[in-house]
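Worksheet: one structure, shown below.
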């Protein structure tokens, strides 16, 4: 085993930070590290927290992290961010959050841009979770924005997924809920001091009454005012209740099945190091050829 | 050329609908069709419309479609939906929308689930846009939810991207804006009759003052009350103003470069038809092996 893996397994923070950067940069070193670290994973509780922008997820994640620290548990936070794909600009909020936990080495925060992950956001998030798990973090919190494909995949990675909603979100809240009903193991109605939390809770229950989950679980609905710390203990209790109900094995198998497919695709692509995608794309845009003909030509070389 | 391609190019609606379904199902027939249709693309205006859930995107898209129909333009709408990955349940709102335009064959709507696209949502959306473009639709409206990786990719596909915001979205509106500043060619403040649209406009302008786009464009900010039809004409004018400014070639090249990469990856994966990803994933979860060892073994067969 490499010295760096040893350092990570023994909880060395600087080694952890370096490894996180290697994963972010997809350096070849990262693959080697992950291979060494993988057998030491499986102990961390991985909690996914997702919801629309404005739902107060970051605040909720922070308060949960603080509550876990009260129990003397170590925490890793992976914030999957809709960072600018072009400028690489970082999200203001996260910089502030990092300052907030700065003094506590037992809260490790990494903000992952969604740009530039050739193998996909979920793949990079999986790698980061493997790292934090191996590094001995008791709980890994993965915060994602929205309800797209990425969030669905990350929900498979997490042992339990918390979906955060807010009263009065607007007229297509039905659409949101249709997308998240299946990934939510716990619902949080945050900002429950705003008007009409009862109405939102009724709507969630109405959606729940329409279908039954295969595992028989009925996701509990917890009300929070995260900014005041209200409902945080109840949220954690609901999370633990689900984890006691479901061992997460099916979900982990589904996640790794998808990750293997992605890893294989990426590695196969490495066999074509000299392809000029940009020049080919220019030929397509100028209609000198079409994408299907190009792919055939590459495959038949 | 196949009879089906002929029918599509001549505007046959049933052929179009069958082809859309073939693309959704990723049938081998779809590849063949797309190859035939590709040379006939490039005439449609592709408009991306994105924003958080609750922003009223669907209503805005509908009103824009109606305005375009007043100009006698034909319209295709691709709604990229966070549909359930497990049950395949459809979004209630879209069913209603389809009824709304049901009587008008010149508004073709397809709702694309984000689940199950092995090659990615952006790839499938590209294929659908190729189809609608070849089928002679004057304008293709692509509606996406959120600001994740998918939306960023789809923004490259669109010639112009409209970002929809709403006053009073909550305390991490800064975070949303950081993610969308770079993809927005036009900002729409929808529900502008709600309190504090001025404040949101000031915030957008403050963000805009922090950086300059490479193309020198300063995205205009349009106020709408989409549900009442207010501001729709102004939105279309802003969209056309951008299209007059930017021919979209750089964006199209970036999009096809990414698509080629994905297409090649998928096709390479087809060379391993007999791999049992599920069984391998089970071995990983039970710690009998690790993912990196499995990939190496597959590649070295």
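Protein chains in written order, with my numbering: chain U, 1 to 301; chain E, 1001 to 1301. Using N, Cα and C, we set each Cβ at its ideal position, and we do this for glycine too. These figures come from a predicted structure and were not determined experimentally.
Strictly by DSSP, which residues pair up with residue 1222 of chain E?
Here residue 1222 of chain E corresponds to residue number 222 of the second chain, with the count starting at 1. Bridge partners of residue 1222 of chain E: E:1188.
Which same chain residues end up closer than 7 Å to residue 283 of chain U when comparing Cβ atoms and leaving out the 5 residues on each side of it in sequence?
Within the first chain, residue 283 of chain U is the residue found at index 283, counting from 1. Taken in chain order, the residues that qualify are 289.
How about the segment 209-225 of chain U and the segment 259-278 of chain U: do they share at least three Cβ pairs that are nearer than 8 Å?
no
Between residue 1272 of chain E and residue 1263 of chain E, what straight-line distance do the alpha-carbon atoms span, to the nearest angstrom?
Position 272 of the second chain, counting from 1, holds the residue named residue 1272 of chain E. Position 263 of the second chain, counting from 1, holds the residue named residue 1263 of chain E. Each residue's alpha carbon lies about 15 Å from the other.
Starting from residue 45 of chain U, trace the beta strand (DSSP E) both ways and give me its first and last residue.
Stepping through the first chain from its first residue, residue 45 of chain U is reached at position 45. From DSSP, the beta strand (DSSP E) with residue 45 of chain U extends over 45-51.
Along chain U, in chain order, which residues have C-beta atoms closer than 7 Å to that of residue 1282 of chain E?
As a working note, residue 1282 of chain E is residue 282 in the second chain. Going along chain U in sequence order, the residues near residue 1282 of chain E (Cβ under 7 Å) are 253.
Does the contact criterion of 3 or more C-beta pairs under 8 Å hold for the segment 1150-1160 of chain E versus the segment 1036-1053 of chain E?
yes
Expressed to the nearest angstrom, what Euclidean distance is found between the alpha-carbon atoms of residue 1249 of chain E and residue 55 of chain U?
One-based indexing of the second chain puts residue 1249 of chain E at position 249. One-based indexing of the first chain puts residue 55 of chain U at position 55. The straight-line gap from Cα to Cα measures roughly 37 Å.
Are any of the Cβ atoms in chain E nearer than 7 Å to that of residue 285 of chain U?
Stepping through the first chain from its first residue, residue 285 of chain U is reached at position 285. It does: the Cβ of residue 285 of chain U has a partner Cβ on chain E nearer than 7 Å.
How would you write the range of the alpha helix (DSSP H) that residue 1294 of chain E sits in, first residue to last?
Within the second chain, numbered from 1, the residue matching residue 1294 of chain E stands at position 294. Run containing residue 1294 of chain E: 1291-1299, per the alpha helix (DSSP H) assignment.
If you count every other CB in all the chains shown that lies within 10 Å of the CB of residue 300 of chain U, and 16 or more means buried, which is it?
Within the first chain, the letter at position 300 stands for residue 300 of chain U. Exposed, because fewer than 16 other Cβ atoms sit within 10 Å of the Cβ of residue 300 of chain U.
Could you spell out where the beta strand (DSSP E) holding residue 144 of chain U opens and where it closes?
Mapped onto the first chain, residue 144 of chain U falls at position 144. Counting along the chain, the beta strand (DSSP E) containing residue 144 of chain U begins and ends at 139-145.
Residues of chain U with CB under 9 Å from residue 1261 of chain E, in chain order?
Working through the second chain from its first residue, we reach residue 1261 of chain E at position 261. Per Cβ cutoff of 9 Å: 118, 269, 275 and 277.
Quick check: the segment 1007-1026 of chain E against the segment 1204-1211 of chain E, are at least 3 beta-carbon pairs closer than 8 Å?
no
I need the boundaries of the beta strand (DSSP E) containing residue 1161 of chain E, first residue and last residue.
For the purposes of this step, residue 1161 of chain E is taken as the residue at position 161 of the second chain. Run containing residue 1161 of chain E: 1160-1165, per the beta strand (DSSP E) assignment.
Where does residue 214 of chain U land, buried or exposed, given buried means 16+ other C-beta within 10 angstroms?
Within the first chain, the letter at position 214 stands for residue 214 of chain U. Residue 214 of chain U is exposed by the Cβ-count criterion.
Please tell me whether residue 1217 of chain E has its Cβ less than 7 Å away from any Cβ of chain U.
Position 217 of the second chain holds residue 1217 of chain E. So no, residue 1217 of chain E is outside the interface.
Can you give the beta carbon distance from residue 80 of chain U to residue 121 of chain U, rounded, assuming they're within the 8 Å contact cut?
Here residue 80 of chain U refers to the residue found at position 80 when the first chain is read from its first residue. Here residue 121 of chain U refers to the residue found at position 121 when the first chain is read from its first residue. With 8 Å as the limit, residue 80 of chain U and residue 121 of chain U qualify as a contact, their Cβ atoms being about 6 Å apart.
What three-state label does DSSP hand residue 108 of chain U in the structure shown?
The residue given as residue 108 of chain U occupies position 108 in the first chain. Three-state result, residue 108 of chain U: strand.
If distances are taken between C-alpha atoms only, which option among U:184, U:182, U:292 and U:168 comes closest to residue 192 of chain U?
Here residue 192 of chain U refers to the residue found at position 192 when the first chain is read from its first residue. Among U:184, U:182, U:292 and U:168, the Cα nearest to that of residue 192 of chain U is on U:168.
Cβ closer than 7 Å: which chain U residues qualify as neighbours of residue 1064 of chain E?
Reading the second chain from its first residue, position 64 is the one you call residue 1064 of chain E. Those do not exist, as residue 1064 of chain E stays about 16 Å from chain U at its closest Cβ, beyond 7 Å.
Which class does residue 183 of chain U belong to by DSSP, given the choice of helix, strand or coil?
Position 183 of the first chain, counted from the first residue, corresponds to residue 183 of chain U. DSSP places residue 183 of chain U in coil when its eight states are reduced to three.
Going along chain U in order, which residues have a C-beta closer than 8 Å to the C-beta of residue 1295 of chain E?
As a first step, residue 1295 of chain E must be located in the second chain, where it is residue number 295. Under the 8 Å cutoff, chain U gives 260, 263, 264 and 267.
Below 6 Å, is the gap between the Cβ of residue 1027 of chain E and the nearest heavy atom of the ligand NAP?
This structure simply doesn't include the ligand NAP, nor any ligand for that matter.
On the three-state DSSP scale, how would you describe residue 1011 of chain E?
For this step, residue 1011 of chain E is matched to residue 11 along the second chain. Three-state DSSP puts residue 1011 of chain E in coil, outside helix and strand.
Is residue 135 of chain U helix, strand or coil when you go by DSSP?
Indexing the first chain from 1 puts residue 135 of chain U at position 135. Residue 135 of chain U falls in the coil class under three-state DSSP.
Quick check: is the beta carbon of residue 1299 of chain E nearer than 7 Å to any beta carbon in chain U?
In the second chain, counting from the first residue as 1, residue 1299 of chain E sits at position 299. Yes, contact with chain U.
Does the separation of the CB atoms of residue 232 of chain U and residue 73 of chain U fall below 7 Å?
Taking the first residue of the first chain as position 1, residue 232 of chain U is located at position 232. Taking the first residue of the first chain as position 1, residue 73 of chain U is located at position 73. Taking 7 Å as the cut-off, the beta carbon of residue 232 of chain U is found no closer than this to the beta carbon of residue 73 of chain U.
Nearest CA to the CA of residue 200 of chain U: which residue from U:164, U:218 and U:144?
Numbered from 1 along the first chain, position 200 holds the residue referred to as residue 200 of chain U. Ranking the options by Cα distance to residue 200 of chain U, first place goes to U:164.
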